[in-house]
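Asks:
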Amino acid sequence: MRGVLRRAGLALGLPIALLAVWWISTEDSQNFYLPPLRTILRAFVETWTLDRLRADVAPSLARLAAGYALAGIVGVTLGLLIGSFRWIRALLEPVLEFFRAIPPPVLVPIIMLFAGIDHTMKIVVIAVGAIWPILLNTVEGVRSVDEVLVDTSRAFRLGPVARLRYLIVPAASPQIVTGLRQALSISIILMVISEMFASSNGLGFTIIEFQRSYAIPEMWSGILLLGLIGFLLSVLFRVVENRVLAWYHGLRRAQRSS
Amino acid sequence: MRRSFVALTAIAALLLTAACGGSSDDEPQSEGTTTIKVGVIPIVDVAPIYLGKEKGFFARRGLNVVMESGQGGAAIVPGVVSGQFHFGFSNVTSLLIAQTKGVPLKVVANGVASTNRVGADFGGVVVKKESPIRTPKDLAGKKVAVNTLKNIGDTTVRESVRKDGGDPSNIKFIEMPFANMPAALQKGDIDAAWVVEPSLSVAKDMGARVVAWNFVDAAPSLTVAVYFTSEKLAKENPELVRKFTEAINESLAYANAHPDEVRDVLKTYTDIDQVILDAMTLPLWPVEINRESVETLARLGQADGIFSKAPDIDQLLGPATDSQ
Amino acid sequence: MTVTTNRPADTGDPAVGGAGSRVGDSRRLRGAVLGVTGLAMLMLVVELLPHTGVVHEQYLPPTSRILAVLVDQLGSVEFWVAVGETLRAWAIGLAIAVVAGVLVGMVIGLVPALRALTASTIEFLRPIPSVALIPLAVLLYGTELRSTLLLVVYASFWQVLVQVLYGVQDVDPVAADTARSYRLGVWGRVRYVVWPTALPYVMTGVRLAASVALVLAITAQLVIGSPGLGALIARAQASNAIPLLYALVVVAGVLGVVINLVARAAERRVLAWHISVRREVPR
Chain A
3 MRGVLRRAGL ALGLPIALLA VWWISTEDSQ NFYLPPLRTI LRAFVETWTL
53 DRLRADVAPS LARLAAGYAL AGIVGVTLGL LIGSFRWIRA LLEPVLEFFR
103 AIPPPVLVPI IMLFAGIDHT MKIVVIAVGA IWPILLNTVE GVRSVDEVLV
153 DTSRAFRLGP VARLRYLIVP AASPQIVTGL RQALSISIIL MVISEMFASS
203 NGLGFTIIEF QRSYAIPEMW SGILLLGLIG FLLSVLFRVV ENRVLAWYHG
253 LRRAQRSS
Chain B
39 MRRSFVALTA IAALLLTAAC GGSSDDEPQS EGTTTIKVGV IPIVDVAPIY
89 LGKEKGFFAR RGLNVVMESG QGGAAIVPGV VSGQFHFGFS NVTSLLIAQT
139 KGVPLKVVAN GVASTNRVGA DFGGVVVKKE SPIRTPKDLA GKKVAVNTLK
189 NIGDTTVRES VRKDGGDPSN IKFIEMPFAN MPAALQKGDI DAAWVVEPSL
239 SVAKDMGARV VAWNFVDAAP SLTVAVYFTS EKLAKENPEL VRKFTEAINE
289 SLAYANAHPD EVRDVLKTYT DIDQVILDAM TLPLWPVEIN RESVETLARL
339 GQADGIFSKA PDIDQLLGPA TDSQ
Chain C
156 MTVTTNRPAD TGDPAVGGAG SRVGDSRRLR GAVLGVTGLA MLMLVVELLP
206 HTGVVHEQYL PPTSRILAVL VDQLGSVEFW VAVGETLRAW AIGLAIAVVA
256 GVLVGMVIGL VPALRALTAS TIEFLRPIPS VALIPLAVLL YGTELRSTLL
306 LVVYASFWQV LVQVLYGVQD VDPVAADTAR SYRLGVWGRV RYVVWPTALP
356 YVMTGVRLAA SVALVLAITA QLVIGSPGLG ALIARAQASN AIPLLYALVV
406 VAGVLGVVIN LVARAAERRV LAWHISVRRE VPR
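Residue numbers (the numbering used here), protein chains in the order written: chain A, 3 to 260; chain B, 39 to 362; chain C, 156 to 438.
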């Protein structure tokens, strides 16, 4: 019981302190653009009703999921391919590095020229931005598989498919997961940015709407919600990661203590 | 090990010196000049202020005017309120919205107005060449692109449709940058688009035709955008505001009288192609704000439900005088 | 025995150390030739697509047109000023983020109580997309350099912090105990044990932060309008100057590649002593 209390206290201590500081310092704020925390929280409760969550947040999250999944599938597949053949990697590396360096918000108007204006465009934007960490980390993961193991698998006459399934993918999975994690944060950013153009619903769209119509407490409440969603998604990711990579975490722990 | 330490410190020091050594914001000022910052968007509408600066209309009054380009009212209004900018440029509807929300602003000079000529205005609603849409009332129920939702674009387009006898209530407005509209039109993602120059000429170049002149339909001689300042500055430094207004008025008159020089000055702050520059219709830059048209925009906005309450035009423009 | 080397890198490093062997050289040459070929193929595709009418010229100008506009820009003072502004925002933001990240990371990492206390806050703040701060930045600093910096520092700081925390955590317990038994004070421990262990992670963090900082700098300029490459891109868009838009995007990409290469080279330099110790699997 004391253990749980202690852990909860540690987890919540600093956040509560920070919130308190925020509350107190803005309590009498006259600044139009920095309202008191109390007003923001009230706006939060009033704005984000179940209806609104369904109408605006759900489509955003759905597009996020679709774009992320697309980036994941294409990224891992291509990454496995490119990583396995040195000449393909050498051929494509400069091109990929170049595309990766283009800031995603710049790509949105360009993608709009090709992909139209509704859901497709947004999903494509998210996927195009999020694919890079996945792709590049997968390539790196495939590359750094222990040579000895590869040779061993060849000595045991494992075909390429079997090798992929039993050696390469598991060996590269920590690196792939790193890429997937980076891609998650990028996806969230792009989800918001893609809704700043040609949109009629969505969390990012709503925040911008609030900003434009000078509904400042509501705008802040939207930003808070965005942060909350980002946090929840990363916690979710960590839970899944711990399940999938349990073997790897255990291995590292053993190594470190040996 | 020590080398890496030194290397890292060296890199950090280099970055920091690059940071400190690069500031070029401070300009030496001659006696009696005040530097004022004006928040503008790099579009055709603000050509007069660039032209006026070139011609020395501001310098003559002791004003060193520095234009800072924002990305629309969303960046400019907060900038003016916080004192970042002394003056700003914004369309009338945006300012009306701000006024209803209690943002303390004051209009100081006219910005840009419609040419009031059907067939030759700087903004209009275009459709693809093959489109079945022929008149404004055909826009009912269609997808129309505007650059900002719940703003001057959709309110004036609805008025066009209304005046032509159509039903504006189920037009589907879609928000996108002007630059993307010609492409979206061609691809059929949208049925029509409200565009202003230079996108208007680009669209016409691609074969589009204009079906509605929404600025003309909304009100005669529509004042589209204005220059404004914060109530604070207006109260604390009315002299500065007066000088700015005078300089702007002189610039507006000059721009109206010298369209070729306007096309030239556009080259200095936009990237508009020469061919388009020559083909574009320039807006009108009257010195007087058409107060009646502002009242019409307020009325239309209220009818469309974009204001939470009736805008107080007196507070924004100052009390009506006989000359208006 | 490790299954893979655990480096949070995001793309392959060419063979390090042991350079000078004939095989290594010819392999690297082949790699370079292939890379250039890849780029050439891209340029060819972009040249042909608009000409063959697969894509309308309005949406995708051919490579020749983009390059022509790009060369034009290289002669324009305004362009170089904008690039300078972008690099300035990038450099300042990165410097602040790195210094702050290393300091905060070290302090938190070395004091277990602090780490437990701040863990939840870090986990909450880290995923907040920097774009959420755009309205705040605009409100506070308008279109000045500082609003760009707010976004750049915020995003890059977390990259560095997270890596530093990993690094401090990775300290070999035997080495730590040895240092303690030699009665090295906190500063001694940091200098001789913690810092060398954390250094590879710090460099990775700096490299990741460098890329993020550039992307955020240009993004901030694009959306807010503060001076720099992003503002030029926004202007090209507003003026419907599509070839110029593509040319500037190419510049942004090239900048990113250059920065990545410089960061990689710096990383190799600083870690030269370390890589020979680590098990690097060059291929």
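Glycine residues also receive a C-beta, built at the ideal position from the N, C-alpha and C atoms.
In terms of residues, what are the limits of the alpha helix (DSSP H) holding L7 of chain A?
Replies: Segment 4–28, the alpha helix (DSSP H) holding L7 of chain A.
Asks: Take P324 of chain B as the anchor and find which of B:T138, B:V182, B:F123, B:G149 has the nearest alpha-carbon.
Replies: Closest option to P324 of chain B, Cα to Cα, is B:G149.
Asks: If we ignore side chains and look at the alpha-carbon of each, how far apart do D255 of chain B and I190 of chain B end up?
Replies: If you take the alpha carbons of D255 of chain B and I190 of chain B, they lie about 13 Å apart.
Asks: Leaving out five residues on either side along the sequence, give the residues of the same chain with a beta carbon under 6 Å from the beta carbon of D229 of chain B.
Replies: Around D229 of chain B: K180, K181.
Asks: Quick check on the burial criterion: 16 or more other C-beta atoms within 10 angstroms. Buried or exposed for L203 of chain C?
Replies: Exposed.
Asks: Kindly indicate the opening and closing residues of the beta strand (DSSP E) around M261 of chain C.
Replies: Segment 232–265 is the alpha helix (DSSP H) holding M261 of chain C; no beta strand (DSSP E) there.
Asks: Would you call L363 of chain C buried or exposed, if buried means 16 or more other Cβ atoms sit within 10 Å of its Cβ?
Replies: With 16 or more Cβ atoms within 10 Å of its Cβ, L363 of chain C is classed as buried.
Asks: Kindly list the residues whose CB is nearer than 7 Å to the CB of P61 of chain A, restricted to its own chain and excluding five residues on each side of it in sequence; keep chain order.
Replies: The residues are N203, G204.
Asks: Starting from L322 of chain B, follow its DSSP beta bridges and name the residues at the other end.
Replies: Its beta-bridge partners are B:A151.
Asks: Report yes or no: is there a C-beta of chain B within less than 8 Å of the C-beta of A386 of chain C?
Replies: Taking Cβ atoms only, chain B reaches closer than 8 Å to A386 of chain C, which makes this a yes.
Asks: Go to G191 of chain B, then tell me how far its alpha helix (DSSP H) extends in each direction, as first and last residue.
Replies: Unbroken alpha helix (DSSP H) run through G191 of chain B: 190–201.
Asks: Tell me which same chain residues have a C-beta within less than 8 Å of the C-beta of P80 of chain B, skipping the five on either side of it?
Replies: Correct list, in chain order: S107, Y307, T308.
Asks: Determine the direct distance from the alpha carbon of D53 of chain A to that of N208 of chain B, and round the result to whole angstroms.
Replies: In a straight line, the C-alpha of N208 of chain B is about 22 Å away from that of D53 of chain A.
Asks: Note down, in chain order, all residues in the stretch 264–280 of chain B with a beta-carbon under 8 Å from any beta-carbon belonging to chain A.
Replies: So nothing in the stretch comes that close.
Asks: To the nearest angstrom, report how far apart S223 of chain A and P328 of chain C are at their CA atoms.
Replies: If I take the Cα positions, the gap works out to 45 Å.
Asks: For L66 of chain A versus M198 of chain A, is the C-beta distance shorter than 8 Å?
Replies: Not in contact: L66 of chain A and M198 of chain A (Cβ atoms no closer than 8 Å).
Asks: Please check the pair V164 of chain B and L238 of chain B, which I expect to be a contact at CB under 8 Å, by giving their CB distance rounded to whole angstroms.
Replies: About 7 Å; that satisfies the 8 Å criterion.
Asks: My parser needs the beta strand (DSSP E) runs of 3 or more residues fully inside the stretch 203–229 of chain B; what are they?
Replies: Taking only runs of at least 3 residues, the beta strand (DSSP E) segments lying wholly in the stretch 203–229 of chain B are 210–213.
Asks: So is the beta-carbon of A60 of chain A under 7 Å away from any non-hydrogen atom of the ligand GTP?
Replies: Among the components of this structure there are no ligands whatsoever, and the ligand GTP is therefore not found.
Asks: Straight-line CA distance for S196 of chain A to Y35 of chain A?
Replies: Computed Cα separation, rounded: 25 Å.
Asks: Quick one: Cα of M114 of chain A to Cα of N218 of chain B, how far?
Replies: C-alpha separation (whole angstroms): 7 Å.
Asks: Step through the CB atoms of chain B and report whether any lies within less than 8 Å of the CB of I379 of chain C.
Replies: With 8 Å as the cut-off, I379 of chain C counts as an interface residue toward chain B.
Asks: Does any C-beta atom of chain B lie closer than 8 Å to the C-beta of L294 of chain C?
Replies: At least one chain B Cβ lies under 8 Å of L294 of chain C.
Asks: DSSP three-state call for Y265 of chain B: helix, strand or coil?
Replies: Looking at Y265 of chain B - three-state DSSP - the assignment turns out to be strand.
Asks: Helix or strand or just coil, what does DSSP make of M105 of chain B?
Replies: Three-state result, M105 of chain B: strand.
Asks: Would you check if the distance between the CB atom of V253 of chain B and the CB atom of T194 of chain B is smaller than 8 Å?
Replies: Strictly speaking, residue 253 of chain B in this sequence is Phe, with Val absent from that position. For F253 of chain B and T194 of chain B, yes; Cβs fall inside 8 Å.
Asks: Tell me, please, which residues DSSP counts as bridged to L143 of chain B.
Replies: Answer is B:S268.
Asks: Considering only C-alpha positions, which residue in the set B:I135, B:L315, B:N102, B:A291 is nearest to R301 of chain B?
Replies: It is B:L315.
Asks: Taking the straight line between their C-alpha atoms, what separation do you get for D63 of chain B and S381 of chain C?
Replies: Model confidence at D63 of chain B stands at a pLDDT of 42, short of 50, so the residue's coordinates are unreliable and nothing is read from them.
Asks: With DSSP as the reference, label A420 of chain C as helix, strand or coil.
Replies: Helix, per DSSP.
Asks: Does the beta carbon of A157 of chain A come closer than 8 Å to any beta carbon on chain C?
Replies: A157 of chain A does not count as touching chain C.
Asks: Using a beta-carbon distance below 8 Å, is G118 of chain A in contact with chain B?
Replies: At least one chain B Cβ lies under 8 Å of G118 of chain A.
Asks: Bridge partners of R247 of chain B, per DSSP?
Replies: According to DSSP, R247 of chain B bridges with B:V165.
Asks: Per DSSP, which one or two residues make a beta bridge with D129 of chain B?
Replies: According to the sequence displayed, residue 129 of chain B carries Asn and not Asp. N129 of chain B pairs with B:A263.
Asks: In terms of residue numbering, what span does the alpha helix (DSSP H) encompassing G204 of chain A cover?
Replies: First-last for G204 of chain A: undefined, no H or E at that position.
Asks: Strictly by DSSP, which residues pair up with G77 of chain B?
Replies: Looking at the DSSP assignment, G77 of chain B forms a beta bridge with B:E106, B:G126.
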